[in-house]
Each structure stands twice: as structure tokens, then as C-alpha cells.
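Undergrad: According to the UniProt record's numbering, the residues represented by the sequence shown are 1 to 236, in order.
Glycine is no exception: its CB is placed at the ideal position from the N, C-alpha and C atoms.
Take a look at the following structure, please.
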Amino acid sequence: MRQKGVPYLRIARQFEMSRQTVKKYETMKRPPETRRRRRPHEIDPFLSYLDEQVKLGRTIDAIEGSIREKGYRGSYRAIRNHVSDVRRQHSDRKERFLSRKHVYHLYWKPLVDLTEKKRHLLNQVLTLYPETKEIYGFVQLYRDMIRTKDKEIFHYILRMGDTVSRPELNSFIKQMKKEKSSIKAALVYSYSNAVLEGQVTRLKMIKRQLYGRASVEFLKNGYSINFEKRNLEVLN
1 MRQKGVPYLR
11 IARQFEMSRQ
21 TVKKYETMKR
31 PPETRRRRRP
41 HEIDPFLSYL
51 DEQVKLGRTI
61 DAIEGSIREK
71 GYRGSYRAIR
81 NHVSDVRRQH
91 SDRKERFLSR
101 KHVYHLYWKP
111 LVDLTEKKRH
121 LLNQVLTLYP
131 ETKEIYGFVQ
141 LYRDMIRTKD
151 KEIFHYILRM
161 GDTVSRPELN
171 SFIKQMKKEK
181 SSIKAALVYS
191 YSNAVLEGQV
201 TRLKMIKRQL
211 YGRASVEFLK
221 NGYSINFEKR
231 NLEVLN
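Encoded structure:
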């Protein structure tokens with residue numbers, strides 16, 4: 001309209017705005033932004049810290065406690081809303097979840113027994129969680145010791161106690177040292193005490209029954225039947 005020579009005042013009256021607004025729109029090189037400008041919030045300086053805490057899997061209450069120690073004085077709702085948004089974004093792009101029980105057999109089986117697909121999966125797991133590489137190597141060594149009954153591997157594992165960095169492995173090796181004689185016997189001899197353990201379990205079951213879990217008549221009938229069966233087997 002200005003290019004056709006229409007005065008500012010007439011344009012202002014037609015669109016019900018001031019002449020200053022008409023002049024401002026005339027000088028603009030692009031349409032005005034309709035999106036509302038975001039106001040600053042107290043949580044803004046802590047957003048990167050919140051993202052890190054969410055990646056670590058911490059709860060909202062735990063995150064609130066730590067962020068307030070860093071000087072945050074805003075509302076709990078702002079923390080909850082941001083954490084929920086971050087979790088939603090992560091869940092949208094999260095890849096297929098692999099549970100522990102699916103990883104167990106990958107860590108236990110020899111590499112040569114794994115298919116190409118499972119080898120690739122194992123490499124992915126070890127790449128994503130490099131802190132478990134030491135555990136994987138230990139599990140492979142321990143499995144070889146059991147299958148081959150190799151005493152040299154056993155003594156080597158005992159010497160590893162001071163060199164491993166994982167506290168779980170250190171604790172496991174300490175327990176092996178306490179049971180050193182039993183483990184060595186299991187590696188040397190072919191027989192086991194499985195039969196003895198079975199009898200102990202059977203005696204424990206009878207003991208539980210005697211503590212009121214079965215009536216006297218029931219026990220009498222059960223043992224008399226077993227006794228008669230054994231006598232018949234001996235006579236035959």
C-alpha cells in the first residue's frame with residue numbers, strides 16, 4: 001500500500017494500529033516472529049548437570065538433593081519436568097535393550113563356540129561397557145580351570161588377587177583362597193560329595209517334617225511303606 005502512495009495515517013486507521021507500527025512493519029525485511037521468547041529460569045545454569053545425572057540413572061529425588069547442594073533454589077516441579085523430558089528423548093532413540101541374562105552366556109562360552117552374530121554382540125557389549133573386559137577375561141580363565149581341572153590356572157588365579165581392579169573379582173578370589181583345599185581336591189579327584197549332600201538335604205527335609213509340618217500318622221505310614229518296599233527288594 002505504501003508503494004501505491006497510501007499515507008501512513010490511512011493505513012493505520014484501516015488496520016487499527018499506530019503509525020509507528022506501520023512504519024516498523026515497512027522497514028522489516030522478514031515477517032515478525034510469532035514464537036514467544038522463553039523467559040530465563042533458575043534451573044537453566046544446571047541443565048547440563050541434570051542431563052549427566054539422568055544418564056547415570058539417578059532418581060529425581062536424588063538429583064534434587066545433589067542439585068540443591070550446588071546452589072539451586074528453584075522448584076521441584078522444574079527439576080521433574082526437565083528430567084522427564086530428557087528421559088523421554090532417550091527412550092525415543094534408545095536401542096534394543098540387552099538384559100543381563102542374555103549377556104551371561106556370552107561371557108561364559110568360549111569365543112570359538114559363539115556364532116558370528118553373537119561374537120558381534122559380545123564386541124558391542126565390551127565396547128559399550130569397557131569396565132567389564134577384566135570380568136570377561138577372568139570368567140574365561142575360571143571356566144577353563146573348571147573344564148580342564150588345571151591346577152596351574154588355579155594357582156595363577158590366586159596370584160591375581162593383588163592385581164585385579166574390580167572389587168567383585170578381588171572378593172571372589174579371597175573366597176577362593178579360603179576354600180583353597182576344597183577347590184584343589186575338586187581339581188585333583190574325579191569323585192564328588194554330591195551323594196553326601198543329597199543325604200544331608202534329605203535329612204533336613206525329614207527334620208522339617210518332624211517340626212509339625214506333617215502329622216505323626218502321615219510320617220508313620222510313609223516310613224512303614226518305604227520300609228516294606230525295601231524288605232521286599234531284599235527278599236527278591
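For the alpha helix (DSSP H) containing residue 125, name the first residue and the last one.
TA: 116-128 is the span of the alpha helix (DSSP H), which, as asked, contains residue 125.
Undergrad: Under 7 Å between the Cβ atoms of residue 145 and residue 153?
TA: The answer is yes: Cβ separation under 7 Å.
Undergrad: Determine whether the beta carbon atoms of residue 133 and residue 141 lie at a separation below 7 Å.
TA: Against a cut-off of 7 Å, the Cβ pair of residue 141 and residue 133 comes out as no contact.
Undergrad: Would you kindly check if the distance between the Cβ of residue 50 and the Cβ of residue 90 is under 7 Å?
TA: It is not a contact, given that the beta carbons lie outside the stated cut-off.
Undergrad: My guess is that residue 42 and residue 80 are in contact by the Cβ rule of under 8 Å, so how many angstroms apart are they, rounded?
TA: Not confirmed; about 14 Å, so no contact.
Undergrad: Whole alpha helix (DSSP H) runs in the stretch 165-196 with 4 or more residues, listed along the chain?
TA: You should have 167-178, 180-188.
Undergrad: What is the residue span of the alpha helix (DSSP H) that residue 102 lies within?
TA: Counting along the chain, the alpha helix (DSSP H) containing residue 102 begins and ends at 100-108.
Undergrad: Helix, strand or coil, according to DSSP, for residue 150 in the structure here?
TA: Here residue 150 sits in coil by DSSP.
Undergrad: Let me confirm a value: residue 9 is counted as buried when at least 16 other C-beta atoms fall within 10 Å, else exposed. Which label applies?
TA: Exposed, because fewer than 16 other Cβ atoms sit within 10 Å of the Cβ of residue 9.
Undergrad: For residue 177 versus residue 158, is the C-beta spacing smaller than 7 Å?
TA: Cβ distance < 7 Å, so residue 177 and residue 158 count as in contact.
Undergrad: Report the rounded CA-to-CA distance for residue 151 versus residue 171, giving the unit in angstroms.
TA: Their backbone Cα atoms lie some 20 Å apart in a straight line.
Undergrad: Go ahead and pull the three-state DSSP assignment for residue 64.
TA: In this structure, residue 64 counts as helix in the three-state DSSP scheme.
Undergrad: Please work out which residues of its chain come closer than 6 Å, Cβ to Cβ, to residue 67, disregarding the five sequence neighbours upstream and downstream, and give them in chain order.
TA: These residues qualify, in order along the chain: 46.
Undergrad: Return the residue from the list 123, 88, 206 that minimises the CA-CA distance to residue 103.
TA: With distances taken between Cα atoms, residue 103 lies closest to 123.
Undergrad: For the ligand NAP, any of its heavy atoms closer than 6 Å to the Cβ of residue 45?
TA: The ligand NAP is absent from the structure shown, which contains no ligand whatsoever.
Undergrad: Should residue 22 be labelled buried (16 or more other beta-carbon atoms within 10 Å of its own) or exposed?
TA: When all chains shown are included, residue 22 counts as buried.
Undergrad: To which residues of the same chain is residue 117 closer than 8 Å at the C-beta, ignoring the five residues directly before and after it?
TA: None.
Undergrad: Would DSSP call residue 137 helix, strand or coil?
TA: DSSP places residue 137 in helix when its eight states are reduced to three.
Undergrad: Taking 7 Å as the limit between beta carbons, can you name the residues of its chain near residue 166, skipping five residues before and five after?
TA: Cβ neighbours of residue 166 beyond the five flanking positions: 134, 135.
Undergrad: Select from 87, 147, 196, 175 the residue whose C-alpha is nearest the C-alpha of residue 56.
TA: Of the listed residues, the one whose Cα sits closest to residue 56 is 87.
Undergrad: Use the C-beta contact count for residue 20: other C-beta atoms within 10 angstroms, 16 or more gives buried, fewer gives exposed.
TA: Classification of residue 20: exposed, given that the 10 Å Cβ count is below 16.
Undergrad: Look at the alpha carbon of residue 52 and the alpha carbon of residue 101, and state the distance between them as a whole number of angstroms.
TA: About 27 Å.
Undergrad: Should residue 111 go down as buried or exposed, given a rule of 16 or more other Cβ atoms within 10 Å for buried?
TA: Residue 111 comes out exposed.
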